[in-house]
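Residue numbers (my numbering), protein chains in the order written: chain A, 24 to 347; chain B, 24 to 347. For reference, the structure is listed below as structure tokens.
2 protein chains.
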Amino acid sequence: MYSLSELQRSVADYMRGLDVDGNPHSLYEPIAYSLAAGGKRLRPMLTVLSCNIFSDNALSALPAAAALEVFHTFTLLHDDVMDNATVRRGKPSVYGKWGTNAALLSGDAMMIYSYKLLQQTPVEYLPAVLGCFNYTAMTVCEGQQMDMEFERRNDVTLEEYMAMIDKKTAALLAGATMIGAIQGGADTLSRRHLFSFATELGVAFQLQDDLLDAYGTEAQLGKPIGGDIIEGKKSFLMITAFDRADAAVRKQLHSLLEEKSMASDEKITRVLAIYDQLGVREIAEREIEAHFSRAMDALSCLEVEPERVEPLRALAQSLLGRNK
Amino acid sequence: MYSLSELQRSVADYMRGLDVDGNPHSLYEPIAYSLAAGGKRLRPMLTVLSCNIFSDNALSALPAAAALEVFHTFTLLHDDVMDNATVRRGKPSVYGKWGTNAALLSGDAMMIYSYKLLQQTPVEYLPAVLGCFNYTAMTVCEGQQMDMEFERRNDVTLEEYMAMIDKKTAALLAGATMIGAIQGGADTLSRRHLFSFATELGVAFQLQDDLLDAYGTEAQLGKPIGGDIIEGKKSFLMITAFDRADAAVRKQLHSLLEEKSMASDEKITRVLAIYDQLGVREIAEREIEAHFSRAMDALSCLEVEPERVEPLRALAQSLLGRNK
């Protein structure tokens, strides 16, 4: 069994050691660029930490763990084309730096590269891991499609929003966790608990992202605060605000969002004032807490020695800022 | 062992029977639309016909065969975005009908769907089949990247062009053939012969496509004649013409290609006159014949009863119009 920090080091080393090049170099350069941008490596960490619960050979899950991170990064390349986003994590996105065709084709190559990594999975686990990976990948596409369609609608319900983040965000965390559990040799019941854990964690994580966008700091968020408000995104906060507002406030909110000439700062301040007035922040915080707490409960259901679960629990806590 | 027409029917039935739907339906609709457009189903035919040489259970290769067709169709979806092509096989392309984001995201889902089909490969062959599929898919991306870069260059050599079609076109035919051979249980030497066969066939097939674009009929080509000339594409014919032309004719060809105001028909007629003058058609025909003949020789090297190879040979002959 490895500690959290040992596995963090292994994942970082493995990702850094990936040899992403070939001919023509121009196809591979955007792949190496976007993988080097880093991030929390949350998905591969979930894979190795889940494997680590059941097996002392968690490092054998590193190729599949990396496949999940590469797949996740591939989705960012294509999402940036669809969202016309030229900046990612404070740096030019592949789309911003090289344009649509490069983001498209190097993105495709990147998805194939994730399957090349997956191919290194020990053969006894390959069919199950491939099946889980395919299911997960397709679900993420479905979530992205829903998200794109929501942009053109003004009547997205909270239920629809929750179903969307379940597919777009939570499914990949759940897939990463399941793929680790499979390679650790987890039994069916344990897998089921871990699936609940990761799904609840994923929802809490996404809702926290929504919350930080409005109430966080630029340092926490890695980009300016209020982006969702300016883009008129149907976030958890915005949908909740519309749900709770009376006709007058709803009208006020609508005209604020459609206002083109107002300075961004001013618009953000006014929308936040409405959120505060409606208690939206507290509702979001309670919702995050509820999902996080269910995630922790699911972990407690695992019938293994408690210390084997500790590294995964610690990661989940630090992800949601619940570090002791 | 199955006959060519039996396998053609099986592939057509299998492709028609694919259940491509899910939630949201809008993600899957472009996939079903583009798969229904059909075509020769060349790649899946190569898979089952290769399997058929070594095994009486060629139908077990149908899922992987379909994976290759789905992958091929996915590349068309993304190529059409990159080429800004709104028409495909005489119908609106997915890009033309639904726009960039749909072609992008449904294309991604389609690639994942090809891996879902692959996942049905009998487990004893899965690692080898997945490895071959990944290698092939990456090579096709490399070929597409080269093709895109050639568009911006005026000094593409014949060697570079041949290397590009080797990756963009021939590799997928070779991959389809190898995946069938693997599932048929072919030995290493047989696989090597089949790889040569499919690669040579793929090159001949692409060169014939270049030739038909200039000298075929609209019925043969499925689109108006002379498209490559109008787009100024560096086809085998164009590169050969530049290679063989003296300075005066080269200058003439350059100014023809850069001429914006000339009617398309007029431009095509004039370029063809230069091709005729330089003997470009005959050079292309000889080159096609040479590759086709090497493909046939490679088939003859297979150490199996000759009649087992006949269905595959017949398909290759009909593909290149060499039917007896």
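Backbone N, C-alpha and C fix where the C-beta goes; we use that ideal spot for every residue, glycine too.
For residue i, the three-state DSSP class (helix, strand or coil)
{"i": "K63 of chain B", "result": "coil"}
{"i": "P47 of chain A", "result": "coil"}
{"i": "V34 of chain B", "result": "helix"}
{"i": "K283 of chain A", "result": "coil"}
{"i": "V110 of chain B", "result": "strand"}
{"i": "L115 of chain A", "result": "The residue you asked about is not Leu; residue 115 of chain A is Pro in the sequence shown. In this structure, P115 of chain A counts as strand in the three-state DSSP scheme."}
{"i": "M24 of chain A", "result": "coil"}
{"i": "V93 of chain A", "result": "helix"}
{"i": "R345 of chain A", "result": "coil"}
{"i": "A209 of chain A", "result": "coil"}
{"i": "L224 of chain A", "result": "helix"}
{"i": "D42 of chain B", "result": "coil"}
{"i": "N75 of chain B", "result": "helix"}
{"i": "N80 of chain B", "result": "coil"}
{"i": "G239 of chain A", "result": "coil"}
{"i": "A326 of chain A", "result": "Residue identity check: residue 326 of chain A is Glu in the sequence provided, not Ala. Reduced to three states, the DSSP call for E326 of chain A is coil."}
{"i": "G198 of chain A", "result": "helix"}
{"i": "G122 of chain B", "result": "coil"}
{"i": "G383 of chain B", "result": "Summary: the structure shown does not reach residue 383 of chain B, with chain B confined to residues 24 through 347, and so no result is reported for it."}
Proximity of residue i and residue j at Cβ, strictly below 8 angstroms
{"i": "L181 of chain A", "j": "H95 of chain A", "result": "no"}
{"i": "L279 of chain B", "j": "K290 of chain B", "result": "yes"}
{"i": "F259 of chain A", "j": "A221 of chain A", "result": "no"}
{"i": "M24 of chain B", "j": "D131 of chain A", "result": "no"}
{"i": "A227 of chain B", "j": "A318 of chain B", "result": "yes"}
{"i": "V272 of chain A", "j": "I297 of chain A", "result": "yes"}
{"i": "L322 of chain A", "j": "L335 of chain A", "result": "yes"}
{"i": "I12 of chain B", "j": "L230 of chain B", "result": "The displayed coordinates of chain B run from 24 to 347. Any statement about residue 12 of chain B would go beyond what the structure contains."}
{"i": "F77 of chain B", "j": "G225 of chain B", "result": "no"}
{"i": "Y138 of chain B", "j": "Y136 of chain A", "result": "no"}
{"i": "P47 of chain A", "j": "L149 of chain B", "result": "no"}
{"i": "H101 of chain A", "j": "A126 of chain A", "result": "yes"}
Nonlocal neighbours in the same chain, by C-beta distance under 6 angstroms from residue i, ignoring five residues either side
{"i": "M169 of chain A", "result": "M187"}
{"i": "A199 of chain B", "result": "R66, L69, T70, L91"}
{"i": "A84 of chain B", "result": "T70, V71, C74, G203, Q206"}
{"i": "E165 of chain B", "result": "K190"}
{"i": "G249 of chain A", "result": "I291"}
{"i": "R215 of chain A", "result": "none"}
{"i": "T144 of chain B", "result": "A87, V152"}
{"i": "D233 of chain B", "result": "S258, F259, L260"}
{"i": "S28 of chain B", "result": "none"}
{"i": "A197 of chain B", "result": "F218, A221, T222"}
Same chain only: Cβ atoms within 7 angstroms of residue i, ignoring 5 sequence neighbours per side
{"i": "M171 of chain A", "result": "M105"}
{"i": "S116 of chain A", "result": "D103, A108, T109, V110"}
{"i": "Y37 of chain B", "result": "L85, A89"}
{"i": "L41 of chain A", "result": "L58, A89"}
{"i": "I54 of chain A", "result": "V43, S129, A132, M133, Y136"}
{"i": "Y238 of chain B", "result": "R304"}
{"i": "L295 of chain B", "result": "A237"}
Classification of residue i by the beta-carbon crowding that lies within 10 angstroms, buried from 16 upward
{"i": "S284 of chain B", "result": "exposed"}
{"i": "T159 of chain B", "result": "buried"}
{"i": "L301 of chain A", "result": "buried"}
{"i": "P247 of chain B", "result": "exposed"}
{"i": "D236 of chain B", "result": "buried"}
{"i": "A59 of chain B", "result": "exposed"}
{"i": "S129 of chain B", "result": "buried"}
{"i": "G113 of chain B", "result": "exposed"}
{"i": "N346 of chain B", "result": "exposed"}
{"i": "H360 of chain B", "result": "The structure shown does not extend to residue 360 of chain B, since chain B spans only 24 to 347, so no value can be given for it."}
{"i": "V152 of chain B", "result": "buried"}
{"i": "K274 of chain A", "result": "exposed"}
{"i": "E223 of chain B", "result": "buried"}
{"i": "V327 of chain A", "result": "exposed"}
{"i": "T98 of chain A", "result": "buried"}
Sequence-distant residues of its chain with Cβ nearer than 8 angstroms to residue i (five each side left out)
{"i": "Q31 of chain A", "result": "R64, M68"}
- Query: What runs of the alpha helix (DSSP H), each 4 residues or longer, lie entirely inside the segment 243–277 of chain A?
  - Reply: 250–253, 259–267
- Item | Complete runs of the alpha helix (DSSP H) confined to the segment 129–180 of chain B [at least 4 residues] | 149–174
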